[in-house]
Amino acid sequence: MTELQRLREAFRAALDLPADAPVDDLQYQDNEKWDSLAHMSLIATIEDEFSVMIDTDDVINLSSFAEAVRILGKYGVANLERLDGNE
């Protein structure tokens, strides 16, 4: 499983989405399941999955899947490029 696939799975698990739900274009304000509690669950899931500690500013700024990709890049998680958008 690639790093990008792992991140997709983290989003699906934390937001209680179906296994085949597309998440690459997911944004906080566009998803009713992504409330403040789900946000903290998502942060914890990402931190556990990628063995990182996300700082407060990044927790606040993580408002989309694309932003999660960018933030994880800051923490040295490689291979998160979205080359073709395929699962």
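Per the numbering used here, the sequence shown starts with residue 160, numbered consecutively.
C-beta atoms are modelled at their ideal positions from N, C-alpha and C, and glycine is treated no differently.
Item: Where does Glu246 fall in DSSP's three states?; Value: Here Glu246 scores only 49 on pLDDT, less than 50, and its place in the model is too uncertain to base an answer on.
Item: Tell me where the alpha helix (DSSP H) around Val211 begins and ends.; Value: Per DSSP, Val211 belongs to no alpha helix (DSSP H) and is neither H nor E.
Item: Below 7 Å between beta carbons: does that hold for Val182 and Arg165?; Value: no
Item: Is it the case that the stretch 182-191 contacts the stretch 211-220, given that we only count it when at least three CB pairs across the two stretches are under 8 Å?; Value: no
Item: I need the boundaries of the alpha helix (DSSP H) containing Glu162, first residue and last residue.; Value: Glu162 to Ala173
Item: Roughly how many angstroms lie between the CA atoms of Lys233 and Glu191, to the nearest whole one?; Value: 28 Å
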